[in-house]
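*Asks:* One structure, as structure tokens, below. Some questions next.
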Amino acid sequence: MNKKETNRVQSLIKTSRQVLGDCALENGAIVAANVEKAYYPRTAHNYHYVWPRDASYICVAADFLKLPIQEPFFDWLTERPEDFKKEGILFQRYSPNGRMELRQFQPDQTGTVLWAIHHHFKDSPSQTYKYEALIRRLADGLCNYWRESYFFLNTTDLWEEGHRRTSTKMENNFTYSLAACARGLKLAYQMLNQEEWLKVADQMVARIEMAYDQKEKYFLRNYGKIKDPNVDASLLGLAWPFEIVKANDQRMVNTVKKIEERIVIGGGVHRYEMDYYDGEGSGQEGAGAWPLLNFWLSIYYSVKGEKKKALEYYHWVLERIEPDNLIPEQIFDDFRKGIKPLAWSHAMFIIASQYLGYLPKSTLVNQS
31 MNKKETNRVQ SLIKTSRQVL GDCALENGAI VAANVEKAYY PRTAHNYHYV WPRDASYICV
91 AADFLKLPIQ EPFFDWLTER PEDFKKEGIL FQRYSPNGRM ELRQFQPDQT GTVLWAIHHH
151 FKDSPSQTYK YEALIRRLAD GLCNYWRESY FFLNTTDLWE EGHRRTSTKM ENNFTYSLAA
211 CARGLKLAYQ MLNQEEWLKV ADQMVARIEM AYDQKEKYFL RNYGKIKDPN VDASLLGLAW
271 PFEIVKANDQ RMVNTVKKIE ERIVIGGGVH RYEMDYYDGE GSGQEGAGAW PLLNFWLSIY
331 YSVKGEKKKA LEYYHWVLER IEPDNLIPEQ IFDDFRKGIK PLAWSHAMFI IASQYLGYLP
391 KSTLVNQS
């Protein structure tokens with residue numbers, strides 16, 4: 031990078047640290063966006079809720095920044111979410127005090143929390159004893175709702191659109207969700223050595239393998255008795271962070287090729303084909319590109335060893351961020367702003383910067 035680019039990246043790192051810190055509340059909750067801040071736009075939807083998935087990515091970014099918000103969040107998870115102790119699974123989102131706001135079952139959230147816990151303690155694994163009860167509740171909860179090849183509750187994926195939920199009648203699964211759960215259970219097994227968790231993880235991986243369409247040459251986002259051929263950027267999660275498929279596996283390479291052909295528009299990565307959610311107004315006026323997905327694709331190419339491609343997707347976002355350094359949920363080619371800043375976007379910027387080697391050495395911990 032030249033000096034100007036270096037200064038911009040370092041300035042964004044500083045802002046990202048502030049944004050992530052702003053979203054970590056006094057009681058340990060980590061919200062997707064702190065709407066009480068003056069910088070939050072009047073027209074954007076209210077994101078002052080805890081999505082455990084978003085918070086997990088934020089915790090991993092905070093690991094890289096040595097920002098100590100993870101364990102207060104794990105404590106919050108242990109005690110606060112409504113019905114979590116009883117049911118052992120996490121639902122769509124919660125108010126900061128722990129009250130459940132929406133009851134969609136999004137299994138990837140539970141798996142992603144396990145990944146975040148493992149990431150936080152990977153250099154001091156003996157310290158996981160503090161959260162043994164939480165780890166067991168999360169892992170046992172996933173296993174209790176799993177029936178060898180599908181969840182017996184209808185599920186939604188990370189984009190949480192109820193009209194696309196799975197059906198127990200169709201025995202189908204979201205591929206990203208299974209990747210998150212399988213990885214989470216494998217990491218839980220590494221931490222606490224419970225054989226049942228590994229058995230269920232292997233069953234989930236087997237279903238993921240079946241989701242690869244041999245004719246069309248990419249992983250389907252939803253597979254069972256019926257299948258969904260819509261190309262979805264969340265399938266990047268198979269390679270990173272969930273490591274179900276290696277980045278250079280030809281199936282993954284083919285899937286990324288489909289993503290680039292169908293949902294990378296003018297350099298910006300969209301969620302999936304024909305996406306209408308914009309996070310502003312009616313929320314259904316046509317989606318923009320998601321910076322966090324550009325950073326995700328950048329991370330994929332960094333893992334694959336293709337730094338030039340990683341930089342292309344990384345800098346596409348940096349070139350479009352306004353001088354306030356706040357990274358939005360979406361970038362539009364018109365007047366719309368949407369949610370800004372989105373903590374998950376800033377978290378993915380930090381992680382992508384780590385993989386590119388741009389974080390100051392004083393803030394680094396080992397990546398995985």
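Offset between the sequence shown (1-based) and my numbering: plus 30.
We put the beta carbon where it would ideally sit given N, CA and C, even for glycine.
As the structure is a prediction and not an experimental result, all values here were calculated from the model.
Let me check understanding here. Comparing Cα to Cα, which of Gly387, Leu356, Ala377 lies closest to Ala85?
*Replies:* In the sequence shown, the residue the question calls residue 85 occupies position 55. Here the closest residue by C-alpha is Ala377.
*Asks:* Taking the straight line between their C-alpha atoms, what separation do you get for Glu303 and Lys34?
*Replies:* As a working note, residue 303 is residue 273 in the sequence shown. As a working note, residue 34 is residue 4 in the sequence shown. The alpha-carbon atoms of Glu303 and Lys34 are separated by roughly 35 Å.
*Asks:* What are the start and end residues of the alpha helix (DSSP H) that includes Glu239?
*Replies:* Along the sequence shown, read from residue 1 onward, the residue named residue 239 stands at position 209. Segment 225–240, the alpha helix (DSSP H) holding Glu239.
*Asks:* Under three-state DSSP, which class holds Met130?
*Replies:* Here the question's residue 130 lines up with position 100 in the sequence shown. The answer is strand: DSSP assigns Met130 an E or B state.
*Asks:* How close, in whole Å, do the beta carbons of Leu172 and Gly141 come, if the pair is a contact with beta carbons under 8 Å?
*Replies:* Stepping through the sequence shown from its first residue, residue 172 is reached at position 142. Stepping through the sequence shown from its first residue, residue 141 is reached at position 111. Yes, they are in contact, since the Cβ atoms of Leu172 and Gly141 sit about 7 Å apart, within 8 Å.
*Asks:* Can you say whether Asp364 is buried or exposed, counting buried as having 16 or more other CB atoms within 10 angstroms of its CB?
*Replies:* Here the question's residue 364 lines up with position 334 in the sequence shown. By the neighbour-count rule (16 or more Cβ atoms within 10 Å), Asp364 is not buried but exposed.
*Asks:* Alpha carbon to alpha carbon, how far is Ile256 from Glu178?
*Replies:* In the sequence shown, the residue the question calls residue 256 occupies position 226. In the sequence shown, the residue the question calls residue 178 occupies position 148. Computed Cα separation, rounded: 18 Å.
*Asks:* Quick check: what's the CA-CA separation for Ala263 versus Arg123?
*Replies:* Within the sequence shown, numbered from 1, the residue matching residue 263 stands at position 233. Within the sequence shown, numbered from 1, the residue matching residue 123 stands at position 93. If you take the alpha carbons of Ala263 and Arg123, they lie about 22 Å apart.
*Asks:* Write down every uninterrupted run of the alpha helix (DSSP H) in the region 265–333 whose length is 4 residues or greater and which is fully enclosed by it, in chain order.
*Replies:* Segments of the alpha helix (DSSP H) lying fully in the region 265–333: 280–292.
*Asks:* Looking at the structure shown, is Lys34 part of a helix, part of a strand, or coil, going by DSSP?
*Replies:* Translated into the one-based positions of the sequence shown, residue 34 becomes position 4. Helix, per DSSP.
*Asks:* Tyr344 by DSSP, collapsed to three states: which one?
*Replies:* Start at 1 with the first residue of the sequence shown, and residue 344 comes out as number 314. If DSSP states are grouped into helix, strand and coil, Tyr344 belongs with the helices.
*Asks:* What's the gap between the Cα of His78 and the Cα of Lys67?
*Replies:* For the purposes of this step, residue 78 is taken as the residue at position 48 of the sequence shown. For the purposes of this step, residue 67 is taken as the residue at position 37 of the sequence shown. Near 11 Å, if we compare the C-alpha coordinates of Lys67 and His78.
*Asks:* Where DSSP assigns a beta bridge to Tyr124, which residues make up the other side?
*Replies:* Your numbering for residue 124 matches position 94 in the sequence shown. Beta-bridge pairing links Tyr124 to Val80, Met130.
*Asks:* With Leu265 and Phe249 assumed to form a contact (beta carbons below 8 Å), what rounded beta-carbon distance in angstroms separates them?
*Replies:* Taking the sequence shown and counting its residues from 1, one reaches residue 265 at position 235. Taking the sequence shown and counting its residues from 1, one reaches residue 249 at position 219. About 5 Å separates the two Cβ atoms, so the contact holds.
*Asks:* Can you give me the C-alpha to C-alpha distance between Phe379 and Phe325, rounded to a whole angstrom?
*Replies:* The residue labelled residue 379 in the question sits at position 349 within the sequence shown. The residue labelled residue 325 in the question sits at position 295 within the sequence shown. Answer to the nearest angstrom: the Cα atoms are 6 Å apart.
*Asks:* Rounded to the nearest angstrom, what separates Ala209 and Asp138 at their Cα positions?
*Replies:* For this step, residue 209 is matched to residue 179 along the sequence shown. For this step, residue 138 is matched to residue 108 along the sequence shown. Between Ala209 and Asp138, the C-alpha separation is close to 8 Å.
*Asks:* Let me check understanding here. Comparing Cα to Cα, which of Glu310, Ala340, Gln136, Gln384 lies closest to Val299?
*Replies:* Counting from 1 along the sequence shown, the entry for residue 299 is found at position 269. If we check each option's Cα against that of Val299, Ala340 comes out closest.
*Asks:* Report the residue from Ala269, Arg72, Arg195 whose alpha carbon sits nearest the alpha carbon of Asn284.
*Replies:* Stepping through the sequence shown from its first residue, residue 284 is reached at position 254. Taking only the C-alpha atoms, the option nearest Asn284 is Ala269.
*Asks:* Using DSSP's beta-bridge definition, name the partner residues of Asn174.
*Replies:* Counting from one through the sequence shown, the residue named residue 174 turns up at place 144. Looking at the DSSP assignment, Asn174 forms no beta bridge with any residue, so it has no partner.
*Asks:* Looking at the secondary structure, which residues open and close the alpha helix (DSSP H) in which Leu356 lies?
*Replies:* Here residue 356 refers to the residue found at position 326 when the sequence shown is read from its first residue. Taken as a continuous stretch (DSSP letters only), Leu356 belongs to no alpha helix (DSSP H), as it is neither H nor E.
*Asks:* Which residue from Val90, Glu162, Glu191, Thr196 puts its Cα closest to that of Tyr385?
*Replies:* Sequence index remark: in the sequence shown, residue 385 carries index 355 (1-based). For the residues Val90, Glu162, Glu191, Thr196, the minimum Cα distance to Tyr385 belongs to Val90.
*Asks:* Using the Cα positions of Leu222 and Val235, report the straight-line distance between them to the nearest angstrom.
*Replies:* If you number the sequence shown from 1, residue 222 lands on position 192. If you number the sequence shown from 1, residue 235 lands on position 205. Looking at the two C-alpha atoms, the distance is approximately 20 Å.
*Asks:* Measuring CB atoms only, is the region 45–55 touching the region 280–294, in the sense that at least three cross pairs come out at less than 8 Å?
*Replies:* Flag = no, the region 45–55 and the region 280–294 do not touch.
*Asks:* Report the rounded CA-to-CA distance for Gly387 versus His149, giving the unit in angstroms.
*Replies:* Locating residue 387 in the sequence shown gives position 357, counting from the first residue. Locating residue 149 in the sequence shown gives position 119, counting from the first residue. Their backbone Cα atoms lie some 18 Å apart in a straight line.
*Asks:* Using 8 Å as the threshold, is the C-beta distance between Tyr344 and Ala277 below it?
*Replies:* Counting from 1 along the sequence shown, the entry for residue 344 is found at position 314. Counting from 1 along the sequence shown, the entry for residue 277 is found at position 247. No, these two residues do not count as a Cβ contact at 8 Å.
*Asks:* How big is the Cα-Cα spacing for Asn57 and Pro98?
*Replies:* To locate residue 57, count along the sequence shown from 1; it is residue 27. To locate residue 98, count along the sequence shown from 1; it is residue 68. Approximately 14 Å between the Cα atoms of the pair.
*Asks:* Which residue spans inside the region 79–109 form an unbroken alpha helix (DSSP H) run of at least 4?
*Replies:* List check, alpha helix (DSSP H) in window: 82–95, 100–109.
*Asks:* Indicate whether Glu310 and Ala74 have their beta-carbon atoms separated by less than 8 Å.
*Replies:* Counted from its first residue, the sequence shown places residue 310 at position 280. Counted from its first residue, the sequence shown places residue 74 at position 44. Contact flag set, yes.
*Asks:* Would you call Glu131 buried or exposed, if buried means 16 or more other Cβ atoms sit within 10 Å of its Cβ?
*Replies:* To locate residue 131, count along the sequence shown from 1; it is residue 101. That one is exposed.
*Asks:* Just mark Arg133 as buried or exposed, buried being the case when its beta carbon has 16 or more other beta carbons within 10 Å.
*Replies:* Within the sequence shown, the letter at position 103 stands for residue 133. Exposed, since its Cβ has fewer than 16 Cβ neighbours within 10 Å.
*Asks:* Relative to the C-alpha of Pro271, which candidate in Ala231, Leu327, Gln224 has its C-alpha closest?
*Replies:* Counting from 1 along the sequence shown, the entry for residue 271 is found at position 241. For the residues Ala231, Leu327, Gln224, the minimum Cα distance to Pro271 belongs to Leu327.
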